[in-house]
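Here is the structure we will look at, set down as structure tokens.
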Ligand code: ADQ
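Residue numbers (full-length UniProt numbering): 1 to 448.
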């Protein structure tokens with residue numbers, strides 16, 4: 001069995017609670033004597049280091065970034081250019097050619113570190129948009145190993161891709177990976193369209209995508225969650241006081257990083273629409289939105305925070321009564337087990353991104369439900385998850401009327417329909433869990 005090397009921007013830390021990706025990769029890393037490489041902090045002198053923790057199931061190698069690398073590579077090109085453009089928000093991108101230079105330079109440096117570590121039979125699995133150029137950099141250093149890439153966010157349409165200052169370069173970077181994994185078929189189609197558009201080749205054939213004389217090997221591998229573990233946590237949370245004391249009206253829940261791709265203003269306006277047209281639901285539904293801030297150094301994130309706070313305040317000001325606050329808006333991370341308990345209690349799960357690679361909250365909500373009395377998932381058509389989860393109430397998040405009607409429908413949905421829908425969703429979430437995801441990808445990479 002080949003040794004597995006994983007590269008991701010952030011390194012999972014030894015004592016932090018295991019996230020989904022760690023659960024997915026731990027077995028493969030541990031059984032192959034593998035290694036995880038990731039970024040660990042900002043320091044004046046960028047340095048690299050190999051660490052092994054006592055009792056850890058795999059070794060780690062870390063690199064630090066300087067302040068200016070963090071600004072240009074992470075906050076700049078990755079999160080102020082690639083992130084908005086891949087999410088169809090080119091209008092929010094902030095192109096600085098210096099940032100692109102820094103992004104290339106950090107990738108070159110990290111490639112140097114990876115090349116030193118790689119043995120001839122190792123398999124490398126690169127995670128996400130922080131490392132588009134890494135295979136090209138490694139190939140230039142003579143690395144012939146199998147290199148897989150997984151993109152956690154959407155792959156853009158041709159029009160969006162061309163909003164990048166270096167659209168063709170991104171495609172040529174991708175062509176150096178042995179296997180490209182996307183969240184959804186939508187992304188595979190977009191890659192094909194982008195190549196067809198940019199090279200003006202109409203004959204991009206089924207199954208084979210070619211660019212610059214290289215063939216791209218791309219497929220959808222929808223990422224999952226550790227469904228069994230999450231369901232257990234949800235069940236156990238019954239005993240938590242913090243979950244128990246939430247009573248009164250029926251709970252509708254939304255949980256998202258406070259990101260403009262998650263569609264929070266549209267969601268709040270849809271809730272307002274519901275309250276305007278369904279007075280009978282006043283004091284019946286309490287909407288809990290949990291949205292921890294992220295990337296606060298970036299202007300677009302400060303703007304979305306102001307907009308959502310304003311909207312929540314206005315809706316509460318207009319509709320609240322002595323007994324009822326329509327929206328509870330919480331700006332912080334919540335411990336996983338509490339979150340799981342809240343999902344289980346919530347009669348409606350509202351997941352309405354404008355664009356999202358997959359969206360794991362949708363899967364967590366489903367995994368947390370009681371089989372005998374499940375809640376209803378309302379899901380945006382523009383989440384990658386919608387391809388798998390069409391037993392949810394699928395909505396267009398831009399249309400406040402459609403979303404409002406879906407909330408009313410969910411609230412009144414008879415038990416039998418709720419159970420049928422939930423059973424179909426749970427089957428998908430349980431069968432295609434996070435271990436299925438990593439196994440499927442690694443199997444195909446090994447065969448590449
Ligand atoms: P994210 O954009 O971060 O991930 P998502 O898939 O929803 O989006 O995952 C968020 C995770 O953070 C979930 O596990 C959720 O429970 C947790 N979380 C969110 N808010 C929280 C809070 N307040 N407290 C505690 N936990 C919270 C990116 C892509 C997604 C893709 C994932 C995985 O943007 O589309 O699904 O990677 O590939």
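All residues carry an ideal CB built from backbone N, CA and C; glycine is no exception.
Model, not experiment: these values are computed from the prediction.
Subject >> In chain order, each alpha helix (DSSP H) run of at least 4 residues that lies wholly inside the stretch 206-292 >> reply: 227-236, 241-244, 264-277
Original post:
Within 10 angstroms of its Cβ, does residue 79 collect 16 or more other Cβ (buried), or is it exposed?
Top reply: buried
**OP:** Identify the continuous beta strand (DSSP E) that holds residue 149 and give its terminal residues.
**Re:** 146-150
Subject >> Whole-angstrom C-beta distance between residue 134 and residue 457, which should lie under 8 Å >> reply: An answer regarding residue 457 cannot be provided, because it is not within the stretch 1 to 448 covered by the chain.
**OP:** Go to residue 39, then tell me how far its alpha helix (DSSP H) extends in each direction, as first and last residue.
**Re:** Where residue 39 is concerned, there is no enclosing alpha helix (DSSP H), although the beta strand (DSSP E) it sits in stretches over 35-42.
Original post:
Which class does residue 32 belong to by DSSP, given the choice of helix, strand or coil?
Top reply: helix
Subject >> Own chain partners of residue 424 with C-beta closer than 7 Å, once the 5 adjacent residues on each side are dropped >> reply: 391
Original post:
For the putative contact between residue 449 and residue 58, defined by C-beta atoms under 8 Å, what is the C-beta separation to the nearest angstrom?
Top reply: The requested residue 449 is not part of the displayed model; the chain covers only 1 to 448.
Subject >> Bridge partner(s) assigned by DSSP for residue 379 >> reply: 351, 394
**OP:** Inspect the beta-carbon positions of residue 449 and residue 378 and report whether they are closer than 7 Å.
**Re:** Summary: the structure shown does not reach residue 449, with the chain confined to residues 1 through 448, and so no result is reported for it.
Original post:
Which ranges would you report for the beta strand (DSSP E) in the stretch 108-134 if only whole runs of at least 3 residues count?
Top reply: 123-127
Original post:
In three-state DSSP terms, what is residue 325?
Top reply: coil
Original post:
In terms of alpha-carbon separation, which member of 215, 360, 349 lies closest to residue 418?
Top reply: 349
Subject >> Close Cβ partners of residue 319 (< 6 Å) along its chain, the five nearest in sequence each way excluded >> reply: 275, 326
**OP:** Specify, as a first and last residue, the run of the beta strand (DSSP E) that residue 64 falls within.
**Re:** 59-65
Subject >> Beta-bridge partners of residue 182, as assigned by DSSP >> reply: 220
Subject >> Best match in 125, 307, 198, 39 for proximity to residue 148 [C-alpha to C-alpha] >> reply: 125
Subject >> Cβ distance (whole Å) where residue 75 is taken to contact residue 364 below 8 Å >> reply: With a Cβ gap of about 28 Å, residue 75 and residue 364 do not count as contacting.
Original post:
For residue 190, which of helix, strand or coil comes out of DSSP?
Top reply: helix
Subject >> Coil, strand or helix - residue 80 by DSSP >> reply: helix
**OP:** Determine the direct distance from the alpha carbon of residue 182 to that of residue 139, and round the result to whole angstroms.
**Re:** 22 Å
Original post:
Does DSSP classify residue 10 as helix, strand or coil?
Top reply: strand
**OP:** Measure the CB-CB distance between residue 48 and residue 113 and report whether it falls below 7 Å.
**Re:** yes
Original post:
Using a threshold of 6 Å, is the CB atom of residue 350 nearer than that to any non-hydrogen atom of the ligand ADP?
Top reply: As presented, the structure is devoid of the ligand ADP, carrying the ligand ADQ as its sole ligands.
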